[in-house]
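As structure tokens, the structure follows; a few thoughts come after it.
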Amino acid sequence: MKPFLVERKKLNDLAILLFIDIVLYFIWLNWSVVALFSVGFIWNWVASQDLAPLMENRRYRFSTLRMISNLQKLVVKPLMNMPMWVHSIAKSLPAGVFWSMVIYFNESDMPWWATFIGSLSFEIVQFEVKAFRKNKDQGVV
Numbered sequence: 000m001k002p003f004l005v006e007r008k009k010l011n012d013l014a015i016l017l018f019i020d021i022v023l024y025f026i027w028l029n030w031s032v033v034a035l036f037s038v039g040f041i042w043n044w045v046a047s048q049d050l051a052p053l054m055e056n057r058r059y060r061f062s063t064l065r066m067i068s069n070l071q072k073l074v075v076k077p078l079m080n081m082p083m084w085v086h087s088i089a090k091s092l093p094a095g096v097f098w099s100m101v102i103y104f105n106e107s108d109m110p111w112w113a114t115f116i117g118s119l120s121f122e123i124v125q126f127e128v129k130a131f132r133k134n135k136d137q138g139v140v
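For the sequence shown, the residue numbers in numbering that gives the first Met the number 0 are 0 to 140.
Below, the structure is given as structure tokens:
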């Protein structure tokens, strides 16, 4: 079995997350906001990976990676023909709804909205990276 390797371009997204986390901590001075923001960001980061090798393997039949990709597909698939901004907002919903339910069922006093913002931030970062890469390929920087 081959190991699951992540592209260097995808690892840059995690470096961006680290920078955003540091900034958020100095803004809110609250680790719960930073943690839930990171969970939302990482949820969408995982959903953006090519998980085809893992989906074929029986070993990952009940894995969290598979759950994340299946929930993303369930929400995003009906909206494939919609404009890109609707598609991006729909991608940010599964993580936020899932973690909001976890927070609600545990009767926790955590900011449920931070996961939505983290997921949406990942989609915004992806949009900016694509736009930057497009401009760089055209010779405009």
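From the three backbone atoms N, C-alpha and C, an ideal C-beta is built for every residue, glycine too.
Spatial distance of residue i from residue j (CA atoms)
{"i": "residue 101", "j": "residue 107", "result": "9 Å"}
{"i": "residue 30", "j": "residue 24", "result": "7 Å"}
{"i": "residue 103", "j": "residue 69", "result": "22 Å"}
{"i": "residue 49", "j": "residue 26", "result": "34 Å"}
{"i": "residue 77", "j": "residue 131", "result": "28 Å"}
{"i": "residue 109", "j": "residue 21", "result": "19 Å"}
{"i": "residue 84", "j": "residue 10", "result": "24 Å"}
{"i": "residue 133", "j": "residue 52", "result": "28 Å"}
{"i": "residue 96", "j": "residue 82", "result": "22 Å"}
{"i": "residue 105", "j": "residue 54", "result": "31 Å"}
{"i": "residue 126", "j": "residue 58", "result": "33 Å"}
{"i": "residue 75", "j": "residue 65", "result": "15 Å"}
{"i": "residue 98", "j": "residue 79", "result": "24 Å"}
Cβ-based neighbour list, residue i, same chain, cut-off 7 Å, excluding 5 preceding and 5 following
{"i": "residue 67", "result": "42, 45 and 46"}
{"i": "residue 122", "result": "43, 87, 90 and 91"}
{"i": "residue 15", "result": "124"}
Residues near residue i by beta carbon distance below 6 Å, same chain, minus five either side
{"i": "residue 117", "result": "36, 39 and 40"}
{"i": "residue 94", "result": "39, 42, 114 and 118"}
{"i": "residue 12", "result": "44"}
{"i": "residue 128", "result": "none"}
Other residues of its chain near residue i: CB distance less than 8 Å, five sequence neighbours each side excluded
{"i": "residue 171", "result": "Here the chain has residues from 0 to 140 only, and residue 171 is not among them."}
(request) Would you check if there are 3 or more beta carbon pairs closer than 8 Å linking the region 111–118 to the region 21–39? (result) yes
(request) Could you tell me which uninterrupted alpha helix (DSSP H) segments, each at least 4 residues in length, are contained entirely in the region 7–32, listed from first to last along the chain? (result) 7–27
(request) For the region 56–103, list the alpha helix (DSSP H) runs that are entirely contained and at least 4 residues long, ordered along the chain. (result) If only complete runs of 4 or more residues are kept, the region 56–103 shows the alpha helix (DSSP H) at 63–75, in order along the chain.
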